[in-house]
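Working notes, beginning with the structure itself.
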Amino acid sequence: MRVRKGTILYAAGVLACGNVLLQVLGFVYRVVLSRFAGAEGLGVYRLVNSVYLVLNAGCLSGVTTACSRLSAACEARGESGRLGAVLRLAFRAFFALSAACAAVVLLCGGSIAANLLGDGRCARAFPYMLLCLTLTGVENIFKSLFIGLERVQYTACSEVGEQLIRIFAVSFLLYEYGSGDYGRIAMLIFAGMVCSEIFSALFLTRLFRRNMRHIRFTRPDKELYGQFFGIAAPLSASALIGNMLGSAGSVLLPQRLMAAGLDYEQALSALGVISGMAMPLLLFPVAFVSSVCTALLPAVTAAQAVGEQARVRVLTGRAVTTVGLIGMPATAVLVPLAPQLSELFFRQPLTGSYAALLGAAAVAAYYQMATGSLLNALGLQRWNVATAISAELCQLALLYRWCARPTLGIYGYLLAMFLTGVSAAAVNLAILHRRTAFCLKPFRRFGVPLLCGAAVYLWTRVFAQTYACRFDNTVTALAAALVSAIILYLLVLRLLGIRLGRYLAHRVENPAVLPVFLW
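For the sequence shown, the positions run 0 to 518 when numbering that gives the first Met the number 0 is used.
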């Protein structure tokens, strides 16, 4: 089947290729960090990164979503002359917010590190963190414009180049200047990130000037101000509050684990393991899930802008189904192999129950991410705000209560992630169903992915045990099990009559012909 440009499959394929390569490079990056920084060093970096995530969320999340949505809507309505005004407004909003945040961090950095994060060593990384935030803002605003205009190949090239430079820069800095001082290690990691962000910002700026010369930075009118901040303000508030709660969880987790009987180094190492080793391993399928969601969302926004409600319903159902068909089986492949993979790459043991619970939490996160993004694309961001904040509050409360129990410990955090993710995704689905009237079809949307996931999980365990007995080399056995599981997954989909390529190949220009395809 030939893939045409301008289709959802083309956009998803470009993003998936880029994201898979990014995930592989990101995995290599995590291995490098684990070897040079260790679990405790990753814990200190995670504390600093929690501040960075809060600032990034407050300054960028709403701005980039508004830029992407409005650029997609302008393109769909033939109002390309307003794209420059959208971009100008996005840069104004970001630089105003980032300047205010930088002033607070530079003036109160010592107090933030010592009193809020509980580790004064974190303050050394703050100047590099702020520089990284500024460059990331320039990069992400251009990326959001390109995604809205469905020129996703630009963003994929930028991300791959950025990750390559980050790996080499951070590796060099840690190798040459890293020491036992974990505050210095966190500073060097952010310095390497700055090097990679310089490349991305310059690369995307150059692409914009070369390929979009027709766009002029015109002055935004009052209507555009209202539309932009109507999208950006609630999303920024939601992301800021959500990331503050998530960062509070990162800061609180070591303290609650200490209440369960661990010392500070052990508790900080537990934070480093879950955030820097286990989660990147189990969240690898997010490369595919996010690619499909990112490719579908501009189409949903465009359909909503021109009043094609039938197309909105079809694309909404398609996004929910695809998340399950990709996320569940892909995670099911990784869960039984995670203990051996963690030992191989990070030299850090994981138990099977740890991997299984984290894998379940990852699948719930995929559904929450996809349904929340659909709400944003349909202009229902206020509902997504309420759901996300409520879920974070519940997770923080459960973390505080369960992680201090010696019988649960870190498992209390994993269980809280899973339960709150499932609840948030269910609420988002209910809102989408009510507002768009898309068909829920529980067996198609959830039953089939669950059956595929269960079959792949069981057979992956069989493959892993069989190849472990047959091959003396661990890497060969794991590779054989992984390839066999992927082949089995594709065969199961074909037996069920599901062809993901055909499923995503068309934009549903005429929704009436969609029933030709089973899924």
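By construction, the Cβ of each residue, glycine as well, lies at the ideal position given by its N, Cα and C atoms. Keep in mind the model is a prediction, meaning the values are calculated, not measured.
Between the C-alpha atoms of valine 23 and alanine 286 there is a straight-line separation of about 10 Å. Rounded to whole angstroms, the separation of the alpha carbons of cysteine 131 and valine 169 is 14 Å. Straight-line spacing of the CA atoms in valine 19 and glutamine 226 works out to 34 Å. In the three-state scheme derived from DSSP, where H, G and I count as helix and E and B as strand, serine 178 is classed as coil. Fully enclosed beta strand (DSSP E) runs of no fewer than 3 residues are not present anywhere in the segment 378–458. Setting aside the 5 residues that flank it on each side, alanine 360 is surrounded in the same chain by Leu413, Met416, Phe417, Gly420, each with a C-beta closer than 7 Å to its C-beta; the list follows chain order.
In the displayed model, proline 279 falls within a helix according to three-state DSSP. By the neighbour-count criterion, in which a residue is buried when 16 or more other Cβ atoms sit within 10 angstroms of its Cβ, arginine 493 is exposed. Its chain contains Ile166 as the residues whose beta carbon lies nearer than 8 Å to that of valine 27, once the 5 sequence neighbours on both sides are disregarded; these appear in chain order.
The segment 152–160 makes contact with the segment 191–211: 3 or more CB pairs, one atom from each, lie closer than 8 Å. One Cα belongs to cysteine 402, the other to alanine 71, and the distance between them is close to 44 Å. Just so you know, the alpha carbons of leucine 357 and tyrosine 44 end up roughly 21 Å apart. Judged by pairs of C-beta atoms under 8 Å, the segment 46–53 touches the segment 244–252, as three or more such pairs exist. With a cut-off of 8 Å on Cβ pairs, the segment 236–243 is not in contact with the segment 292–309, counting fewer than three such pairs. The shortest CA-to-CA distance from leucine 428 to any of Ala75, Leu148, Tyr366 is the one to Tyr366. The three-state reading of DSSP puts methionine 211 in coil, since its state is none of H, G, I, E or B.
Short of 8 Å from the beta carbon of methionine 257, and not among the five residues preceding or following it, lie these beta carbons of its own chain, in chain order: Tyr263, Ala266. A straight-line Cα-Cα distance of about 29 Å links isoleucine 188 and leucine 336.
Here threonine 459 is near valine 332, since their CB atoms are less than 7 Å apart.
The shortest CA-to-CA distance from isoleucine 230 to any of Val103, Ser372, Cys100 is the one to Ser372.
Shown here, proline 219 sits in coil according to DSSP, grouped into three states, outside any helix or strand. Counting every other CB atom within 10 Å of its CB across the protein chains shown gives alanine 95 a total below 16, marking it as exposed. Nearest to methionine 327 by C-alpha distance, out of Ala476, Pro126, Arg444, is Arg444. Residue state for alanine 369 is assigned as helix, using DSSP reduced to three classes. Taking a C-beta distance under 7 Å as the contact criterion, valine 299 and alanine 425 do not qualify as a contact pair. Under a 10 Å Cβ-count criterion, glycine 109 is classified as exposed, with fewer than 16 other Cβ atoms of the shown protein chains found around its own Cβ.
The beta carbon of phenylalanine 344 sits closer than 7 Å to those of Val30, all from its chain and outside the five residues before and after it, given in chain order. Cβ atoms of proline 219 and arginine 68 stay farther apart than 8 Å, at about 15 Å. Threonine 133 is not a Cβ neighbour of serine 178, given a cutoff of 7 Å. The beta carbons of alanine 92 and glutamine 347 sit about 41 Å from each other, so the pair does not count as a contact at 8 Å. Restricted to the segment 53–140, not a single beta strand (DSSP E) segment is unbroken, complete and at least 3 residues in length.
Non-local beta-carbon contacts of glycine 61 in its own chain, meaning distances under 6 Å to residues more than five positions away in sequence, involve Ala231, Leu234, Ser235 in chain order.
Here DSSP, grouped into helix, strand and coil, assigns alanine 200 to helix. In this structure lysine 142 is buried. Its beta-carbon is surrounded by 16 or more other beta-carbon atoms within 10 angstroms. Under the 10 Å beta carbon count, tyrosine 181 is surrounded by 16 or more other beta carbons and is classified as buried. Taken atom to atom, the span from the alpha-carbon of glutamine 162 to that of arginine 81 is near 32 Å.
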